[in-house]
Amino acid sequence: MSNEQRATEAHYPHQPAPDDMMREYGCGPIKFTGSDDALYERHLLFDNVVAPADIGCREQYEAIARAVRDILSQRWLQTEETYGRVNPKRIYYLSMEFLIGRSLSNNIVNLLLEPLAKKFLHEHKVDELAMLAEEPDAGLGNGGLGRLAACFLDSMATMQLPGMGYGLRYEYGIFRQTIVNGWQSEQPDNWLRRPDPWEIERPEEAVTVRFGCSFEVRAGSLHIVEGVPSNLIGIPCDRPVVGYGGKTINTLRLWASAAPDTFDFQAFSAGEFVSALAERLTAETVTRVLYPDDSTSMGQGLRFVQEYFLVACSLADLVRRFRQGNSDWKDLPDKVAIQLNDTHPSLSVAELMRILLDEAGLGWDEAWDITRRSLAYTNHTLLPEALERWPLRWFELMMPRHLEIILEIDRRLGDEVRARWPGDNDRLRRISIVEQGQQPLVRMAHLAIVGSHSTNGVAAIHSRLLRESTVKDLADLFPERFNNKTNGITPRRWLLLANPGLASCITDAIGDRWITDMAELERLKPLAGDRGFVAAVRLAKREAKLRFAHWLKSSSGIVVDTSTIFDSQVKRIHEYKRQLLNGLRIVALYHRLKENPNMDMPPRTFFFSGKAAPAYHVAKLIIKFLNNLAATIDGDPAMRGRLRVVFLPEYCVSLAERLIPASDVSNQISTAGYEASGTSNMKFMMNGALTIGTRDGATIEMAEAAGEENFFLFGLTAEQVAASRGWYNPGWHYDNEPETRAVLDLILSGQFCRYEPEVVDALRNVLLVGGDTYRHLADLTSYMDADLRLQSLYGDQVAWTGKAILNIASSGRFSSDRTITDYANDIWGAKPCPLA
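Per the numbering used here, the sequence shown starts with residue 18, numbered consecutively.
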């Protein structure tokens, strides 16, 4: 088989015969047999009522997806029936985001159907790549927060933990990103334009959410009508979460908003056609878009409503489930573990207290004890702007009862602080849930910490800085509540599915137990010096690069040279993640080659991808600069075959699944002390890319696991960044570092921004005039030194691949299975609940 043939093969890894796997993993009734041809044919004909001659890839996708759903449905029902019968402690994971990507290929792999599915597609002459492309990436998340939630659900199901995800059913994702003249342009992401075969609507389990005001749409925006109470209806839409082996199939429940009465017949009859539908339009606005632009008060208000809608629907639903098998409210913490994924669901504290006080009729002390022991909070950021604070006035208007509860919590918290630190009014002010000022604000992170029994960070350094800096006073008050749970990623999607060549290499070497026990990868370490295994891993990387290049050409027309180093940085665009620093490195390399065309430098292709928040102007500026840099280098004949920059628009899970396995180098270069954890770094490591990065987030732990000698570390530490805040001057680096000065002179001369002086001025302000907040210039020289070490090592492919193998072998610690085990043991007190 040629490399090109391998590159266009399906994304299914070689595995043992399916019958053997079904026996080993106890799949029970889940099978894929000849009779399933009938499932496919039935869905193909009857679901869309399309003549055979008119059947296209979309109809094929829907029919295959529904056939797979038919196969898993019995096990899905059995899972819920088992939970109802056994009545185990159940985990409820509340998150505003679930970046699940595409479901069909992932479900086929997790159901162990891939060998037979491949045969089926071949026999039915289905163009697999075209068919899979018909499924849109679910527009339910934006970045690492949502992808982490998706990985956690996969791990809970694989480990047979009774878990359930709660989120919102956004009709539109954050936005579809296009590039116009180098700038990001946002387009609607209507991912639900076509029917979603994985979604099951459950209107019989709808929830009513009450507000102390009403809402109306005026001039295209959501406005509050004071003093007129109103209701919204939460319609649950369920999606299966298939554990590996198909033993357990948990549920992701997404809430869609609707109005109690969707049509005013009298108004319509009177000719008021638009106003007749106004209530429906207003209600549907709540779950219309993921993360509305929050640069305006109206956008922030909609976000606030979304968060309460998620909390109210989810808690009503989980309480209903609890009450089906339990009569005593005291048992709630023993049967329910509610995990708040960042501050967005923090209103769960007030909502659960309201339920226990007003509906269950409990006293304050008992309700508070139950609430605190039922809730746990994960913090995902050290950035003050990401720790949500909502105007107290909004609580007065929309949920006055919740405000009463929050103020009482804050009063009692104040009593506790005064008893512990008498006369320390500054500490009291810092700890208070309500931040006083011209406009009083409710600190949602404080509410979550005070109202839960556990607050965890997501990497060792992040958890330490959280305790020592971000919420130090609360950590001093409740030290026993703070802990660390380093993030992880699921190996099923990010290695088994995304990188079939490497997955096969690993399975051939050590067997397939690693798929559910990533500690098995440690057995690869002795093979880092094995010539045969090194050669196999090199071939797998080559195949991944060919597969990615083939997809890129067919999807966008971009042609890339697979013999070059694939050097990638893909993540949300933000100043602290420092895509701009990477751009400065590329300018430095460009300058070196212009000064010395005969320089021995391995050819390289730099890949960037990521979205900037619509109102984040500096992030958009960075995208513009990177695209201008790409165009300048591409237009320079001297750079051909030496340097190439490619910005890939519309970053999503599906793009990551292709690029990450193909990458040789992973850039994890955030300003030290700013990245909570990072999970793309783990995906690259697991797929054999070497990391060039700062000592930040989980990269520190990754380097400890694999050995710092197998990383290219550089830059200031978090302590050095913090210590320099009072005196840092970027101009010093311009004046004293010749290469830094040359890079800035080249940029500020307009070399990459011809006829766009406003772009040059904006870059000057970020890097020099504005103080270089994120220390781009402070770390540039160190970055270039690390880059030289990288280039030198790449010249010895055997040594390079040996280090890549050591990274793969050390990545088991960063499996989401390990993370979920830690959550289950240390925070939730939950145990597996296998199906009988």
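Cβ coordinates follow ideal geometry from the N, Cα and C atoms, glycine included.
C-alpha gap between residue i and residue j, whole angstroms
i	j	result
G51	K136	With a pLDDT of 47 at G51, under the threshold of 50, the predicted position of this residue should be treated as unreliable, though the coordinate-derived value follows. For G51 and K136, the distance between alpha carbons rounds to 11 Å.
S112	Y772	45 Å
G574	S626	17 Å
C522	M535	15 Å
I590	K347	46 Å
A739	E79	53 Å
W208	L129	27 Å
D834	R509	10 Å
R460	K264	42 Å
N442	Y593	33 Å
I837	L538	18 Å
P666	W93	36 Å
A655	E612	11 Å
L482	E402	16 Å
P246	V434	36 Å
H470	L379	20 Å
N516	T304	35 Å
S585	N198	22 Å
R40	D839	A caution first: R40 carries a pLDDT of 34, below 50, which makes its placement in the model unreliable, though a value can still be read off. If you take the alpha carbons of R40 and D839, they lie about 29 Å apart.
R338	F550	51 Å
F624	V662	6 Å
Residue i CB to nearest heavy atom of the ligand ZN below 8 Å
i	result
A629	With respect to the ligand ZN, the structure offers nothing, as it holds no ligand at all.
When the options are compared against residue i, the one with the closest alpha-carbon
i	options	result
L807	I709, V245, F499 and K641	I709
A476	P496, T503 and L491	T503
G812	I582, R119, R657 and F326	I582
E140	R119, D54, G190 and L178	D54
S832	L364, I506 and W407	I506
L392	A384, L399 and T398	A384
A236	T299, Y308 and L797	T299
S828	R559, N698 and H240	N698
F495	F169, T398, L597 and R389	R389
Close-in-space but distant-in-sequence residues of the same chain around residue i (CB under 7 Å, 5 per side omitted)
i	result
M616	R609 and L610
E243	C230 and L414
P457	L409 and V451
D490	R444, R447 and I448
N854	Because the chain spans 18 through 853 in this model, residue 854 falls outside it and cannot be assessed.
F321	W407 and W411
Sequence-distant residues of the same chain with beta carbon closer than 6 Å to residue i, five excluded per side
i	result
L121	A82 and E152
H750	T757 and L794
G180	I108, M173 and N267
L852	Q95 and T99
Beta carbon of residue i nearer than 9 Å to that of residue j
i	j	result
L332	L357	no
R675	W568	yes
A706	A821	yes
V258	L514	no
L785	P755	no
D278	E218	no
L601	V760	yes
K588	P678	no
I686	L598	yes
A166	G156	no
D334	V224	yes
Y308	M416	no
L271	Y183	yes
Collapsed DSSP secondary structure at residue i in the structure displayed
i	result
Y109	strand
E756	helix
N159	coil
F664	strand
S833	helix
C669	coil
W208	coil
G15	For residue 15 there is no data in the structure shown, the boundaries of the chain being 18 and 853.
G182	strand
F904	Because the chain is modelled from 18 through 853, residue 904 falls outside the range shown and cannot be assessed.
Y394	strand
W438	coil
C522	helix
Neighbourhood of residue i by C-beta, 8 Å cutoff - its chain only, sequence neighbours within 5 removed
i	result
L89	I47, N124, L128, P257, V259, G263 and I266
F192	E203, Q204, P205, D206, K628 and P631
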